[in-house]
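So the structure is just underneath, and the comments pick up after that.
Dropping the structure here:
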């Protein structure tokens, strides 16, 4: 007679790898490093789609250039077919369009007067106080680019 080892038909025991359900990732489109940029440059970068990014003005040509009273020139690199960035830069008076993109910009004065201005590719465009008969300060609030 041969001895047999008892067997069971039960599946092997399993244990969960992690407790609970996996977390969810929610993209807020908040601008990365915005707090540091605010402290260093005095501008507020809020949200964007990643196709308009702050750039070192010495990093090359063809950048979108923002000129504001009391600040050094501020530059952005436009990538992709379209882009969007919400921000706050006070006292903006001129914008030079990027080489490969047109831009539509929105500025607002303290009394809520709004300017919606088209900025052609690679061209200087007066905005804010330069485009206002009363010479009021305007803050740049929105940039939208397209090819």
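In this note's numbering, the protein residues as written are 4 to 150. We treat Cβ as the ideally placed atom computed from N, Cα and C, and that holds for glycine. Here the structure is a predicted model, which means the values were calculated and not measured.
If the criterion is Cβ atoms closer than 8 Å, does the pair residue i and residue j meet it?
{"i": "residue 119", "j": "residue 100", "result": "no"}
{"i": "residue 77", "j": "residue 108", "result": "no"}
{"i": "residue 54", "j": "residue 105", "result": "no"}
{"i": "residue 48", "j": "residue 58", "result": "no"}
{"i": "residue 90", "j": "residue 46", "result": "yes"}
Per DSSP, residue i forms a beta bridge with which residues?
{"i": "residue 99", "result": "68, 127"}
{"i": "residue 149", "result": "85, 105"}
{"i": "residue 91", "result": "47"}
{"i": "residue 117", "result": "111"}
{"i": "residue 142", "result": "111"}
{"i": "residue 58", "result": "78"}
Once you ignore the five residues that flank residue i on each side, which residues in its own chain have a CB closer than 6 Å to its CB?
{"i": "residue 128", "result": "98, 122"}
{"i": "residue 68", "result": "76, 78, 99"}
{"i": "residue 41", "result": "47"}
{"i": "residue 88", "result": "51, 55, 146"}
Exposed or buried, which one is residue i when buried takes at least 16 other CB atoms within 10 Å?
{"i": "residue 137", "result": "exposed"}
{"i": "residue 81", "result": "buried"}
{"i": "residue 63", "result": "exposed"}
{"i": "residue 61", "result": "exposed"}
{"i": "residue 116", "result": "exposed"}
{"i": "residue 51", "result": "buried"}
{"i": "residue 83", "result": "exposed"}
Please list, in chain order, all residues of the same chain as residue i whose beta carbon is under 7 Å from its beta carbon, the five residues on each side excluded.
{"i": "residue 72", "result": "94, 96"}
{"i": "residue 28", "result": "Confidence at residue 28 is low in this model, with a pLDDT of 49, below 50, so its placement is unreliable and the value that follows should be read with caution. Excluding positions up to five away in sequence, the list is empty."}
{"i": "residue 112", "result": "139, 140, 141"}
{"i": "residue 132", "result": "96, 138, 139, 140, 141"}
Quick one: residues in its chain with C-beta nearer than 8 Å to the C-beta of residue i, no 5 flanking neighbours on either side, listed in chain order?
{"i": "residue 65", "result": "101, 102, 103, 125"}
{"i": "residue 114", "result": "139"}
Is any heavy atom in the ligand NAP found nearer than 7 Å to the beta carbon of residue i?
{"i": "residue 59", "result": "In terms of ligand content, the structure shown is empty, and the ligand NAP therefore cannot be addressed."}
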